[in-house]
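Protein chains in written order, with the working numbering: chain A, 54 to 440; chain B, 70 to 227.
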């Protein structure tokens, strides 16, 4: 026992360990003086060790088996005791004594806590930012070397991927989904940098927009528009496209010099319909008129309510001559149709083809002029402006 | 006097320490200080004529990179599993914590705290579906904290 005490005193002089000696009933038999700083008070001989180390409550039986097994070791790591962190270990000493060592690990634990605090705060921040990012539109981050670095949840969900690796494997080259001969993300970036481009993927339409992040990353934002804005795109009375939707689409067509013919049309003497039959009948006439037009155009043609009884028709990839044949057929259909409650009505048409390097204002000006001429020359006719 | 060891378990930053502080000291601090290791608080109470002392183990929260030492679980009579009701991932990981704990303490009782309820709006609270042994708690507003601990204490003692 004396030898043990000498060994212990040597260790204790390093101020790293303190100890308690307990008997089989877990009553204190002895303790090092320095242990008071951990326990708050100095244990006396005969005291219940659980009063000083409640950490052992629930494990009394396990601790007592040390006396039977003679080698069993009980340990608890990083226990906060009275402003210190200690490791507690219980070991067999002799058949009537066990030694409880308190190993001071405060400095080390406080350093670890700083790292853990930083790590946890970063994880929380990252998690919050991740949620923000995932709740945005579909996002794709691509590096300058064409590597897909990040795709958010919405992007992955749309393309049926669960991990970024799957996104990379799937080679979801957005640029190939555009109706253009784009070769890489660089070219897609050039096309969509700070402006919007509509792309179709499957049956959905997206607005894609690119932003450069820190000269390294290209961020592509995809906003699904098909289902979301179908109602917003259409005029509620006639079902024709709204002026606002047409403006953005037509701007793009003009910018890309898409081959197209613009037709401006107007129901002749519509004011008299409203005055004579009232606005409700007038509304039904407009609905019938729109239905007649929709029935006689292609799916890709764009029919727009410009305002009141004035409508636009954009015929894509059509020559002026072919377009005139089609519009003449529409004119005849309208003239021969008997509108319920009102009878026969006619419409006038002005039409022009988009010329090279012509802007939207110019083509509208020419089409309006043609319509004006059609009205001035007796209505129910088509005027084509070739220049 | 009867002494019972109960644990507070859950992911990091769900409010385990705040729940204990509210219950033991009736205090609350908004700032976040990560718990490392374990700190034991003592609370004396009397339930239906029985005097007892709860030894409440505030155990550091689980993180993706640090798991909780199983040595802390030994000899526990009960546990309170805590999640942050505003962070779905902490709710999702409850089952893992519960299973690990019950595997080592077959007879132990447990309750669940859906904490930080003060951050929820009234409609959000109304839409929430909680299991039978769960409580919507707020250490900040001192909501359901006493009930949470007392319910577990009764389960453990009576």
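Note that the Cβ used here is the ideal one computed from N, Cα and C, for glycine as well.
In this structure, residue 241 of chain A lies near residue 273 of chain A, with their beta-carbon atoms less than 9 angstroms apart.
With a threshold of 9 angstroms between beta carbons, residue 204 of chain B makes no contact with chain A. Excluding five sequence positions before and after residue 105 of chain B, the CB atoms of its chain that fall closer than 8 angstroms to its own CB belong to 129, given in chain order.
For residue 200 of chain B, the number of other beta carbons within 10 angstroms of its own is below 16, and it is reported as exposed. Annotation for residue 135 of chain B: no alpha helix (DSSP H) segment contains it, and DSSP assigns it neither H nor E.
Just so you know, the alpha carbons of residue 125 of chain B and residue 216 of chain A end up roughly 41 angstroms apart.
By the neighbour-count definition (other C-beta atoms within 10 Å, threshold 16), residue 225 of chain B is a buried residue. Using a 10 angstroms sphere on the CB of residue 179 of chain B, the tally of other CB atoms reaches 16 or more, which defines it as buried.
For residue 138 of chain B, the C-beta contacts it makes with chain A under 7 angstroms involve 130, in order along the chain. Under DSSP, residue 274 of chain A shares a beta bridge with A:192 and A:262.
Closest in C-alpha terms to residue 267 of chain A, from the list A:327, A:196 and A:60, comes A:196. A direct Cα-Cα distance of roughly 52 angstroms separates residue 437 of chain A from residue 186 of chain A. Close CB contacts of residue 205 of chain A within its chain, under the 6 angstroms cut and outside five residues either way in sequence, are with 186, 187 and 192 (chain order). Residue 162 of chain A belongs to the set of residues whose beta carbon lies under 9 angstroms from a beta carbon in chain B. For a Cβ distance threshold of 7 angstroms, residue set 143 and 144 of chain B lies close to residue 112 of chain A, ordered along the chain. Rounded to whole angstroms, the Cβ separation of residue 296 of chain A and residue 360 of chain A is 7 angstroms, and the two are in contact under 8 angstroms.
The Cβ atoms of residue 109 of chain B and residue 133 of chain A lie closer than 9 angstroms to each other.
Listed in chain order, the non-local C-beta contacts of residue 101 of chain B below 7 angstroms within the same chain comprise 82, local neighbours out to five positions each way being set aside. Runs of the alpha helix (DSSP H) spanning 4 or more residues and lying entirely within the stretch 283-323 of chain A occur at 296-308, in chain order. Excluding residues up to 5 positions away in sequence, 127 lie with their Cβ nearer than 7 angstroms to the Cβ of residue 115 of chain A in the same chain. Only residues of its own chain outside the window of five on either side were considered, and among them 92 have a CB closer than 6 angstroms to the CB of residue 218 of chain B, listed in chain order. For residue 132 of chain B, the nearest beta carbon of chain A is closer than 9 angstroms to its own beta carbon.
Only those residues of the stretch 90-107 of chain B whose C-beta falls short of 8 angstroms from the nearest C-beta of chain A are listed: 101, 102, 103, 105, 106 and 107. Under a criterion of Cβ atoms nearer than 9 angstroms, no residue of chain B is adjacent to residue 207 of chain A; the nearest Cβ is some 17 angstroms distant. In the displayed model, residue 408 of chain A falls within coil according to three-state DSSP, outside both helix and strand.
Rounded to the nearest whole angstrom, the C-alpha separation of residue 74 of chain A and residue 152 of chain A is 5 angstroms. Neighbours of residue 170 of chain A across chain B, judged by C-beta separation under 9 angstroms: 101, 102, 103 and 105.
Between the stretch 72-82 of chain B and the stretch 129-149 of chain B, the count of C-beta pairs closer than 8 angstroms reaches three or more; the two stretches touch. Interface with chain B (9 angstroms Cβ-Cβ cutoff): residue 122 of chain A is excluded.
One thing to note: residue 78 of chain A has its Cβ no nearer than 9 angstroms to the Cβ of residue 96 of chain A.
Taking CB atoms only, residue 96 of chain A has no neighbour in chain B less than 9 angstroms away. Of all residues in the stretch 70-87 of chain B, those with a C-beta nearer than 9 angstroms to a C-beta of chain A are 72, 73, 74, 81 and 82, reading in chain order. Cβ-Cβ distances below 6 angstroms link residue 264 of chain A to 272 in the same chain, with the five nearest sequence neighbours on each side left out; the list follows chain order. One thing to note: residue 365 of chain A has its Cβ no nearer than 9 angstroms to the Cβ of residue 380 of chain A. Going by beta carbons, residue 312 of chain A and residue 406 of chain A fall inside the 9 angstroms limit. Take the alpha-carbon of residue 183 of chain A and the one of residue 252 of chain A: they are about 26 angstroms apart.
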